[in-house]
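Be aware that the sequence shown starts at 1, since it is given in UniProt numbering, and climbs by one per residue. The beta-carbon is built from N, C-alpha and C at its ideal position, and this holds for glycine as well. A short worksheet on the structure shown next.
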Amino acid sequence: MVAIVREIGETPNQDAQAAWWKQIDEWRGNRGLFPYDKGDGSIIKPQTVIETLYEVTHGDAFINSDVGQLQMFASQYYK
């Protein structure tokens with residue numbers, strides 16, 4: 001794909017990219033969109049595992065998940 005883009009000789013539209021990244025940053029800031037009941041701690045929820053992984057690694061980790069609900073948890077709760 002990179003070779004094709006280079007062959008065409010076009011560069012990405014910086015304004016369009018800036019608008020897209022602005023939207024992504026806005027979504028990232030809305031962490032309250034996916035609240036969940038953390039319970040009393042007797043059951044560890046998948047959301048809590050993903051949040052804790054983020055906290056322990058300070059965001060410096062590679063996350064790999066299968067397709068499905070775990071993928072959704074990772075995308076929503078790994079800040």
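C-beta atoms of residue i and residue j nearer than 8 Å
i, j, result
"Tyr54", "Tyr36", "no"
"Thr52", "Lys38", "no"
Exposure of residue i, with buried meaning 16 or more beta-carbon neighbours within 10 Å
i, result
"Glu26", "exposed"
"Glu7", "exposed"
"Glu10", "exposed"
"Phe62", "exposed"
"Ile50", "buried"
- prompt: Does the region 32-50 come within contact of the region 15-24, defined as at least 3 CB pairs closer than 8 Å?
  reply: no
- request: Could you pull out every unbroken alpha helix (DSSP H) segment of at least 4 residues lying fully inside the region 29-74, listed in chain order?
  value: 46-57
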